[in-house]
Structure formats: C-alpha cells, structure tokens
Amino acid sequence: MKNHKTIILSNQEISPGYYRMRILAPEYNKLAQPGQFVMFRVQRSLPPLLRRPFGIFRVGYAAPDCDGMPQKEFVELIYKVVGSGTEIMQDLHQGDRVELLGPLGRGFDLGDPDEEKILVGGGIGLVPLYMLAEKLVANSNVRLLMGGRTRDDIITVTEFERLGVGTYVSTEDGSLGEEGLVTQVLERKLKKYPNAQVYACGPMPMIDAVQKICAAHSTPLQVSLEALMACGVGACLGCVVKGAGHSEENPQYLCTCKQGPVFQAEQLDWNRLENQSGDCGGCGV
Amino acid sequence: MKNHKTIILSNQEISPGYYRMRILAPEYNKLAQPGQFVMFRVQRSLPPLLRRPFGIFRVGYAAPDCDGMPQKEFVELIYKVVGSGTEIMQDLHQGDRVELLGPLGRGFDLGDPDEEKILVGGGIGLVPLYMLAEKLVANSNVRLLMGGRTRDDIITVTEFERLGVGTYVSTEDGSLGEEGLVTQVLERKLKKYPNAQVYACGPMPMIDAVQKICAAHSTPLQVSLEALMACGVGACLGCVVKGAGHSEENPQYLCTCKQGPVFQAEQLDWNRLENQSGDCGGCGV
Amino acid sequence: MSELNGQSVKLTRPKLAVEIAGLKLKNPVMPASGTFGYGEEYAPYLDLNQLGAIVTKGLSLNPKAGNPTPRICETVSGMLNAIGLQNVGIEDFIKHKMPFLDQYNSPVIVNFFGNTLEEYVEVAARLEDVPGVAGLEMNISCPNVKQGGIVFGTEASAASAVVSQVRKKTSKPLIVKLTPNVTDIRVTAKAVEDAGADAISLINTLTGMAVDVKTRKPRLANTIGGLSGPAIRPIAVRLVHQVVQAVDVPVIGIGGISRAIDALEFLIVGAKAVQVGTANFVDPNAMATIIDDLEEFCQNEGIDDINDLIGTLDA
Amino acid sequence: MSELNGQSVKLTRPKLAVEIAGLKLKNPVMPASGTFGYGEEYAPYLDLNQLGAIVTKGLSLNPKAGNPTPRICETVSGMLNAIGLQNVGIEDFIKHKMPFLDQYNSPVIVNFFGNTLEEYVEVAARLEDVPGVAGLEMNISCPNVKQGGIVFGTEASAASAVVSQVRKKTSKPLIVKLTPNVTDIRVTAKAVEDAGADAISLINTLTGMAVDVKTRKPRLANTIGGLSGPAIRPIAVRLVHQVVQAVDVPVIGIGGISRAIDALEFLIVGAKAVQVGTANFVDPNAMATIIDDLEEFCQNEGIDDINDLIGTLDA
Ligand SMILES: Cc1cc2nc3c(=O)[nH]c(=O)nc-3n(C[C@H](O)[C@H](O)[C@H](O)COP(=O)(O)OP(=O)(O)OC[C@H]3O[C@@H](n4cnc5c(N)ncnc54)[C@H](O)[C@@H]3O)c2cc1C
Ligand SMILES: Cc1cc2nc3c(=O)[nH]c(=O)nc-3n(C[C@H](O)[C@H](O)[C@H](O)COP(=O)(O)OP(=O)(O)OC[C@H]3O[C@@H](n4cnc5c(N)ncnc54)[C@H](O)[C@@H]3O)c2cc1C
Ligand SMILES: Cc1cc2nc3c(=O)[nH]c(=O)nc-3n(C[C@H](O)[C@H](O)[C@H](O)COP(=O)(O)O)c2cc1C
Ligand SMILES: Cc1cc2nc3c(=O)[nH]c(=O)nc-3n(C[C@H](O)[C@H](O)[C@H](O)COP(=O)(O)O)c2cc1C
Ligand code: FES
Ligand code: FES
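Chains as they are written, first to last, in full-length UniProt numbering: chain U, 1 to 285; chain C, 1 to 285; chain W, 1 to 315; chain X, 1 to 315.
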C-alpha cells in the first residue's frame, strides 16, 4: 500500500471503448493480490477531483529500455470509457505522469485445490479475474464464463485461454459466442460440476442473478463489488454495503474498499444490497 | 467579432517562458486592427474557467498543406507563462482544438503621418505594437524602445527591425542593450524628436512613467492597458478603469475591453488608475 | 408520430415553450442579470431572438459607479465579482438601451434594485409604462453593495415589505430574486410569495472572498464578493429544490449552469425556467447550445413537451 | 542568521508551531473530521507524527448506521456526501481506536455530536478521563442527519445552550465547529464563544444536491448532502474572515484546502490553524506536502515564525 507518483508505459484501445493501460509500479509484483484494486489519479488535472478505482488486471515485468538497466515492474489496468474521468484517461500517453494508490482492498480467497473453479465475468467485470486465474490454474481446473452485451464487450478472452482456462462466451445480442446471458451458462456448468467454487464480477444485476443460482446450488461464491468511492482506504465511509447481519438497530456496514471489494456471498445482505455505482450512471459533473 | 472554434497551427517557446502560438483564424486578416485582442479558451478544460485575454501580435496567411488548397489565415499570439491558464497553454500542440473570441476592443489610432512614431514596449507589452508598426512604417519614421528586466524579456525585436523600425533595447540588469529603464531612453528621444506621438504598452509602473514624461513634453500618448477580464465584450463590467471625468457623484468608468484596451492618455484619470491585474499577481486558483 | 417499419418515429420537434407568470417564453433559457450586459454586448455572437427571455443588468434609479477595481477574480471552477451594481440608471436605460432590446421578439425582463424601499418603488413605477418591458426582476439579494439590497433579502419582514410596496406600483409580472446567503430560504420565499411576487428566481451569488498570499491583500478591492459559476451548482440545485416545495408560484433556477444537463437538474427539481450567468463569459454561445441540447435531450428521452419533465424528480 | 558574502542567510528553519486553547501544535495543519477515519486508515501513507493534530471521525454515544447508499457524488471541483455520521460509537472508539492514536505524539482531538443536548453532554463527560484525548471538537453543524446537529448550529440560542452544558462537563480544550448554512455566522460564533468555547472551527459542509438527469433521481440516496472540496474555498475564507473579526477565541479554518497557498489564505485572514478534508481523498500525502510547502513559503518570504503571518490581511 503506497501512493506511487509514476508514469504511464502504454495506453491502448483494445476494443471499442475499452483501453489497457500499463503503468510503472514498483513492488506491485510482490504486493498485489488477485482481486485488489488501485485508486488512480490523473495528475495536475481537475476535474475529476476524486481518484477513480480500477481493478488490477495484471502485474509483470517489462523489458528494460536498454541492456544492463533493471526490468520495469508494471501494473496493467483495463478500463471502459464511461464518464469524465475515463474520458481524460483515454487521452493519456506514454510518459504522462499519474498517481496510483494501492494495491488496495481484500482480494479473492483461492479456496480448495480440489474444487472446480468457475469464474463469471460481465463486461469490464472480467478485469479482476485474470490474476485470479493465473493463480488458480496451478492447482485447479478453471473455467471462465464471460458475458457481455455485444462482441465489443468481450475482452482479453484469449489471454485467459493462454493460461489454460476453458472459456465460454455469451453475448446478449448473439454477436459472439452463445446468445443470451452468462447466467444461463452458469446454470449448466453448476449442474455439471457440483463441487465448484464461483468467483463473479460484473454489473449488479448479473451479480444478483449469480448469487441466486449459487445459493440454489449451495455453491460457495465470492463476488467482487463496485461502489462509488472517495478515499479507497476506509476513511470516508462512502462505499459501504450492508452486511448479512445488518439491521437499523444494529448497523453492519462493510466498506467495499477495505473489507471488499471481494466478499464471500454469505457476508452480504442480498435482500438489501442497494443501488451501487453501476446504477447511478456516473455523476456527470 | 466572432467566436471561432478552431485549431492551433503551432506553439513554440521563443525565449525562456515566452511562447508564440499560431492559430487558424478565418477573417482575421480583414478584421483585426492593431491593438486589438482576443479572448482565448482552452477547450474542454476547466480550470481555467474564464477565457484569457491576449493581444494580437500578427495576422497572416500560411502556406496551404498541399497545392491547390486555400491558404490558411492565422492569428499569432505571444504569451508569457505566468499562471494556471498560460501553464496549460504552453502544453498545447498543433491540431489541438481551442476557441477564440475576437478581434475585440478598440485599437490604436494611426495618427498623423508627419509625426515621428515612438513605440514603447515593456516585456510582453510589446505584443500589440507589432501590427501597429506594420501599419505605421508605410508613412512614418517608427522607433521602438523596448525594455525588459533581463535579456530573456526582450522578444521579437529583430522582427520589428525587418519592418524597418529603429530599435533601442534596454534591460534593467544590462544583460542586453542599454542598462536601465526604457523610460530613460524615451526622455532622450522626446528631446530629439519633439513632434512625436508615443504608443505604449507594458507593466503599469512603466505606463505611469511614460505618461508623466509625455505630459511633461506635451507629447500625445496612446496606451494599451491590461485589466482582469471575465467577458471581454463589455458585459461584466469587471475590467473598468476610471475616466478623466470620473467622480464619485458622476462616475465615469471605461471598459478596458470595449472602450479600450487602447486609450488616449487624456481619456484616463491618471491620479486614480487603480491596481490593475499586473499588480494583483494573478488569482492562483 | 408516424409508424415506419413498425418503429414509431417522431416527426414533431419537442416543445420547449414554458409560461411564467403570464410571460410566454419560447424556451426556458434566459441570461442571468449582470452577465449579459444590456443585451447589445452579446448580439454579435448570439441571435437574441433565440432566447426564452432577455434579462438586463440590474438597474437603479440613478446611475451607479460601482466598486473600485479589481472587481473580479477567478476561483476554482468559479469566479468572484464585486462589480457593485454599476449601471447607467433607469432613465438612460429607457432612452438608450431599451430601444435596442425592443427590436427582438424575446420578452425583456428588467432587473432592478434600490438602496431604499422608496427607490425600489420608484424604479418599478417608472418602468410601468415603458414599451417593451415584459416583466420585472427585483434583486433583493446582491451581496456587493454595503447598504444595498442585502438587508431586504436576508430578513423575511424586510423582503415582504419591499415586495408588497413594489407590487402596488406594478402590473407587470414581478419576479423576485432571492439571495442564497440565509439560514432557511423557504422563509424568504414564502414571505415574498405572500407579498405578491408572481415568480421567484434564485440563486444570486454566494458571498465569498479570496486572498493573494504574496501581497496579503484580498483579491477584490471590496474584500468580499459574490461567487458564481459551476462550483456553486450543487448549492443552487438544493435551494431551488427547497423553494419549489415551499411555494406555489413558478421558480426560475440559477447557479452554475453551463450545459443542458446542468439546466436539466434545475428543471427536474421543479424550476420552470433557468438563467445562465457566468457561462456566458466562458462561451458567448452557451445559451444557444443549451437550448439545442435541451431539445435533443427531450427528443432522445421521448419527451414531447418540456413541461412534462419539469418537477419530475424521483426522490 | 549569519552573514555570507554580505548577504544574510537564515540558518534556522521557520517556526511553524502554533497554540490553540492550550493545545500545542507543531504546525497548524490537521485533518478535518470524517475525512481521515480514525487515523489508522491513513497511517500507511503518512506519518501521523508529522501532523499538527489528529482529528477523528465524528463520534456519538451509540454506534450509528449512517445513511443508505449512494452516499457520495462528485460535483464540479467538489463532492457531496451524505454519510450520515456513521461511526462506531464512543465506547468502541475508546476501546479499539484510541490506543492506536495514543501511540503518536500529535495531540488527538475527538470530534463528537449528539442527537439531543443530553447526548452531547454524555459524550463529552465520557471523554473527560480518557488518556490521550487532548481536546474535543463539537460538531453542531452536520447537515446530513435529519434530527441531528443542524438545529443546534443554525440557532444561536440552541448553540449556546448545548455548548454551555458541554462546557460544564469537560475541562479539555473545547473547539466548536460551525455550520456555514446560516444568514450571519458571526451571531452563532459569538453565541458559542460566550457559552464557553475555547476555539471555533469552520466551515462544515454547505448543503447541496445533485440530480441524475437520466434517471431523474437525486444522486444521493439522502437527496441532500454536504458540499466540500476546492469549490467551496472562497465561501469558507469569507466566513473565517468574518468570524475572526467577531470573536476573541482562536479560529481553525476549514474548507477546500488542498495546497499550502490555500491554507495560507485562511492563516492570513486570521485562522490560527487549518483542517484539510476532501484533499486527503485526492492525495493521502496532501497534509505532509502542505506542511512542507508552508515551511518553504515562510522561508522564501522571510517569515521566521508562522504566527507573524497569521491575521496579517492587508484589507
Ligand atoms: C473496486 C472497483 C474496481 C473497478 N475496476 C474497474 C476496472 O477494472 N475497469 C473499469 O473500467 N472500471 C472499473 N471500476 C469502475 C470505475 O471505477 C468507474 O467506471 C470509473 O470510476 C468511472 O469514472 P468516470 O469519471 O469515467 O465516470 P463518472 O461517472 O464521471 O464518475 C463520477 C464519479 O463516480 C464514480 N464512479 C462512477 N462509476 C463508478 C463505478 N462503477 N464504481 C465506482 N465508482 C464509480 C467515480 O469514482 C467518480 O467519483 C471499478 C470500480 C470499483 C469500485
Ligand atoms: C487586453 C489584454 C491583452 C493582453 N495581451 C497579452 C499578451 O499579448 N501576452 C501575454 O502574455 N499576456 C497578455 N495579457 C495578460 C494575460 O491576459 C495574462 O497574463 C493571463 O490572463 C494570465 O493568465 P494565467 O491563467 O496564466 O494567470 P492567472 O494569474 O492564473 O490568471 C487568473 C485570472 O487572472 C486574469 N489575469 C491575470 N493576469 C492578467 C493580466 N495581466 N491581464 C488580464 N487578466 C489577467 C486571468 O484572465 C484570470 O482570470 C493581456 C491582458 C489584457 C487585458
Ligand atoms: C459579473 C456579475 C454581475 C452580476 N450582476 C448582477 C446584477 O446586476 N443583478 C442581479 O440580480 N444579479 C447579478 N449577478 C448574479 C447573476 O445574475 C447570477 O444570479 C449568479 O451569477 C449565479 O449564476 P451563475 O453561476 O450562472 O453565474 C451578477 C453576476 C456576475 C457574475
Ligand atoms: C466524507 C465526509 C465526512 C465528513 N464527516 C464529518 C464528521 O463526521 N464530523 C464533522 O464535524 N465534519 C465532517 N465532515 C466535514 C469536514 O470535516 C469538513 O468540515 C468539510 O469537508 C470541509 O472541508 P474540505 O472542503 O476540506 O473537505 C465530513 C466531510 C466529508 C467530505
Ligand atoms: S471509499 Fe472511502 S471508505 Fe471506502
Ligand atoms: S471584461 Fe467584461 S466588461 Fe470588460
């Protein structure tokens, strides 16, 4: 956990509206856990005022600029352009100075090697699942069920395949893979592999549906949630979700940034998970 | 007078902290008068909120991008980096989109061809004098007395020389030309050329000193003033200066943007010319 | 509407016209007083006939000198001004400015103020028979003038007194413009409604100040000035929301509007129209763009009449 | 000072220490309540020993759930929050949070509030003998809780009553934090001074609101929230300026401070110290940078002791 004042190594559009940004990030290979995130700041620029949260897609080492120099540690983000902040991000270039607070939050529990691992990603929700898959493939069978509205929303699937992950793509308009929702595919897989653990990240309606399915199959589920965040470190209490034991008299709010973003399904109050940021539509400042 | 949504053709540092920006500006060759200015807006960026006023240095036509295309009309600004707005400007590139409101304000009166013309420029105050010189050289002897703190503040003097203007440089630290203030030089020239008209633009203390000298010699003087401006078109009344006839009972405020920025010395109340922007040090937002 | 390939396609453009206190506006967008001069300053950049209404700089009985300079200062996403209500006075306005404005078919709303109750009344009376004056906007809220409007706008009883006196002298639609610098704006809003205001506009600027840390001087010669611009929008939206719920007369929303989506916030909480201020300085075409974009928004959202959007906050 | 080549060269670093109501601060910079959690959240990023003081999240007698989500929303150069004063309650704080804070040598100021006068008094009494609590900051101004602090802070008599009751129960330095959402802040400031406040801090957030124009819903579940961040600084500087002139007790300036030059505006108008709020979210190192830059500013301006700068506005 550190605030790095650092620079961008590359920033490229990988699908219409989706970008991959590689940022110089010392120590991230040691520190970053699957499911963690960063708070990203476009330097010297205002608006946006607040940092924006982004999942860590991947960490790694890039070749040095010339022989004899140390390798460059990097973190990779993948982001979708949705509002004022990400609009500015898409115009950033190699060498631009930015700030990165992280790695933050609690990531995924790797679970039991014997289980089948089923990762469910919706659109940009795929991001935190890649590092998870990297770790899981060592000991388990890993399947990725990837859903999106249209083919443009299906990103980086081949990279999962290269890890040895079995991938199953579905799109709502049928423009890639199976036509329909990713949850249909999940239903089928759970029937086939009863001894599974599910890891899900995506839009709230998808997460909700995944939870219902997993609950029906008594399948353990971990979800990575999104929330509007100001601080990312547990200080502002802006990002809370209701915990399973929550009541007005005995409030139990969990910080998505600190106790999350990954939660075990049973930690949460599924009847009262309120509108999260996805539904708010961004602040349009 | 128009609000052009246009693009930058070039933006180069010409002396430490001083930049020359060339902007595509249809109709400016026809419309722009010596001494007029523009309100410049860095698009999509906030802060700065307000546009910034800049004198027109020059207008012209650039070679077309390829044969058969029409020539590109441009306006040239020269600006000094002093605060938040100009800091952003220095990072702009060819092709960046900007907005330009102008040409605005009342420019210089060209006066009588028989007079000697003495232009007095202090630092960036030189800017509006170039177009003036272009017009004046046709019919009159033109001399430019150019002052600055140090040699870096002496800009574009050779361009005046190329027009056939006699130039006299002085710097406070003696690093270029004569050591001392430009007003010393003015004293000498006025003794030598009693039938002169003086045109001055620069920091307020210089303008004040020039006014005293000209008054003592009964030499007609036109000054170009700066003021903090919000609108540039006479609507906000933010940029006013006190006119010669001003009194509390009978207020006579003149808009620097609309009745100026060029004033005949006798239009103004020289005892009560208040702190203008130069003294305010910028708003440091 | 017509059917094309089974899809309904709108052939009519959404209606943007609104009515405020008998004033028919072709759209809900007008300038905020003091940011649009006497109209003529912006005529080269904007067709004044496009506007829902034209609102003048604030006028007083006699010409007014205003404050010493510096009078303006940029702040983060906003600006401070202490113009001090400099204006040409009502007679000069009627003689030299009004004929220009009268050429346009957009209703002209004259903003005015007084240093005493009697002055308010006199100005209103003087405007009663001036051709082309469609309505009055009474500024009881300017924070810049030391003995000026401030007392009226921050005390319900004073506000009530001056509005009811002015009401007696004018038959024109009377809009009262409120100051945000109060503990509970609903109290002043109710007071001016009861005193006979036909409509309420808000907000005027918030009182603010900035300091040059090198010279240790206030950035405004007047020390204190009025804050306007995008920075204040959330405060303005809240106040308009509160006033709409407190009164029955129509409300005009003002404060930090630069874009159609800013204007829409005010309309959705219940303002019948909006005024655009500081944004005119940033972009002289701002109001024209806002009007176009409001139309496009309605089209995209399937709203045939902008009145169907006003006051539809889903809270 | 020593002479070197005829030029005087300072060998000593400028003194940044200030004293407020008996609290000795090594510099005038501390976090604003609610933006720094209970300190531990920022400990990985910032050495808490660098701070002039540590101010906790607002605490109440019992744990408090806070408001439904969404609770925050970015606005132009600012943010709205309606956290609703969620906190662990005073007992849990004393048991689990205070021992952590007690490790540091920066004085710990506990921010607290109550829903009733009695609750205020009880919390203050409970804190009286807690080791490590150097001072209290009493929030009489939070706009987020419907029956909460708001009534106290906007009425001088209510403010006076609650402060004088608390005063009786605490011997610790008592800072009272004011709301800006009033007509004349000097009135509340005088009232709490007379009631026994040792110092006054201001401003708390300004009440604001934002609307999602597509869904037509308020962006905050609570509809209304508190506006903070750079956007509000000019309003805060003005209010601090006014309060400094109205009272004799020391004043702590708050509102939109992100950089040393922002802090300097408050010090120059007369605040003895400042609190940094929203800027902590933007940059967890903000306060450390501000402290460094304040020192550098003093050095460059030839100010040996920051106290020589406080209240030197040249108006
Ligand atoms: C833990 C976490 C991980 C995330 N990982 C990714 C990722 O890997 N790739 C990606 O594209 N997006 C991710 N998001 C969502 C991303 O943060 C938002 O899309 C982004 O903040 C939108 O910023 P904007 O300025 O473009 O949009 P605006 O709508 O203009 O944002 C305005 C405000 O809303 C907040 N906000 C808006 N949408 C969201 C959201 N969905 N979640 C949280 N805050 C939001 C912003 O922080 C800001 O304060 C993640 C969110 C969280 C909480
Ligand atoms: C008619 C006119 C012509 C000018 N011509 C030139 C020119 O050719 N080249 C050049 O370098 N500068 C010129 N200036 C000054 C130039 O406008 C300022 O240097 C510039 O606005 C500073 O902006 P900033 O954001 O970098 O500084 P900041 O200090 O951050 O500016 C903050 C605010 O102060 C205003 N401001 C600051 N200084 C001035 C000033 N001296 N005059 C007017 N407004 C100011 C800005 O408009 C802005 O609102 C001219 C000013 C006027 C009025
Ligand atoms: C330079 C300036 C001058 C103003 N003059 C007046 C005025 O004469 N009368 C008045 O009622 N309001 C006046 N106002 C207030 C505006 O009409 C408006 O209420 C305020 O600026 C908020 O809107 P905005 O944020 O869109 O600018 C003035 C504002 C500015 C910035
Ligand atoms: C998320 C958040 C939570 C806050 N919680 C409290 C609180 O518990 N008690 C309090 O007195 N003020 C609280 N405040 C107000 C701040 O302490 C401060 O007064 C205000 O944010 C203005 O300062 P700023 O502009 O630097 O943020 C909170 C502010 C924010 C943004
Ligand atoms: S984002 Fe601030 S507590 Fe989670
Ligand atoms: S800048 Fe607005 S009147 Fe001159």
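Don't be surprised by glycine CBs; every beta carbon is placed ideally from N, CA and C.
Grab the span of the beta strand (DSSP E) containing residue i for me, first residue to last.
i: Q165/X; result: Where Q165/X is concerned, there is no enclosing beta strand (DSSP E), although the alpha helix (DSSP H) it sits in stretches over 156 to 169.
i: P205/C; result: Note, P205/C: premise wrong, no beta strand (DSSP E); alpha helix (DSSP H) at 204 to 217.
i: A196/U; result: 196 to 201
i: C257/C; result: Segment: none, C257/C is in no beta strand (DSSP E) and carries neither H nor E.
i: M30/W; result: 29 to 31
i: N139/W; result: 133 to 139
Let me check you understand the geometry: is the CB of residue i closer than 6 Å to at least one non-hydrogen atom of ligand 4?
i: C298/X; result: no
i: I257/X; result: yes
i: S15/C; result: no
Taking the alpha helix (DSSP H) that residue i belongs to, which residues open and close that run?
i: F281/W; result: 279 to 282
i: S84/U; result: 84 to 89
i: E266/U; result: Neither: E266/U is in no alpha helix (DSSP H) and is coded neither H nor E.
i: V137/U; result: Run containing V137/U: none; DSSP gives neither H nor E here.
i: V237/W; result: 233 to 246
Flag residue i as yes when its Cβ comes closer than 6 Å to any non-hydrogen atom of ligand 8, and as no otherwise.
i: N111/W; result: Judged by which ligands are present, ligand 8 is missing from the structure shown, whose ligands are ligand 1, ligand 2, ligand 3, ligand 4, ligand 5 and ligand 6.
In chain X, which residues lie less than 7 Å from residue i when you measure between Cβ atoms?
i: I224/W; result: R238
Identify, in the order they occur along the chain, each residue of the same chain with its Cβ nearer than 7 Å to the Cβ of residue i, setting aside the five sequence neighbours on each side.
i: A286/X; result: S258, V276, A279, N280
i: L132/C; result: P34, G35, F108, L119, Y199
i: A230/U; result: L50, C236, G238
I'd like to know if residue i contacts chain W, where contact means its C-beta is closer than 7 Å to some C-beta of that chain.
i: M89/C; result: no
i: G260/C; result: no
i: I235/X; result: yes
i: M206/C; result: no
i: D314/X; result: yes
Grab me the residues of residue i's own chain with a C-beta within less than 8 Å of its C-beta, minus the 5 sequence neighbours each way, in chain order.
i: I175/W; result: I20, A21, I109, G135, L136, E137, M138, A197, D198, A199, I200, S201, I252
i: G17/C; result: K80, V81, D152
i: residue 288/C; result: With chain C represented from 1 up to 285, any question about residue 288/C goes unanswered, as that position is not in the structure.
i: L227/W; result: T75, G78, M79, L80, T205, L206, T207, G208
List the residues of chain U that residue i touches, going by C-beta distances under 9 Å, in chain order.
i: G37/X; result: C231, V233, G234, A235, C236, L237
Are any of the Cβ atoms in chain X nearer than 7 Å to that of residue i?
i: E122/W; result: no
i: P251/U; result: yes
i: residue 286/U; result: Past the boundaries of the shown model lies residue 286/U; chain U is included only from 1 to 285, so the question cannot be answered.
i: L228/U; result: yes
State yes or no: is the beta carbon of residue i nearer than 7 Å to at least one beta carbon in chain U?
i: G65/X; result: For clarity, residue 65/X is Ala in the given sequence; the question names Gly instead. So, interface residue.
i: Y45/X; result: yes
i: Q275/X; result: no
i: G229/X; result: yes
For residue i, go through chain W and note every residue whose CB falls closer than 8 Å to its CB, in chain order.
i: R41/C; result: V282, D283
Return yes when the C-beta of residue i is under 6 Å from any heavy atom of ligand 3, and no when it is not.
i: A32/W; result: yes
Closer than 6 Å by C-beta to residue i: which residues in its own chain qualify, once you throw out the five before and the five after it? Chain order, please.
i: V165/C; result: A133, V142, L144
i: P128/U; result: G35, G55, C201, S224
i: S15/C; result: D152, I155
Regarding residue i and ligand 5, is the C-beta to nearest heavy atom distance less than 6 Å?
i: L51/W; result: no
i: P230/U; result: According to the sequence shown, residue 230/U is Ala rather than Pro. A230/U Cβ: within cutoff of ligand 5.
Strictly below 8 Å CB to CB, what residues from chain X border residue i?
i: E248/U; result: A65
Should residue i be listed as close to ligand 1, given that the test is whether its C-beta is under 6 Å from any heavy atom?
i: K80/U; result: yes
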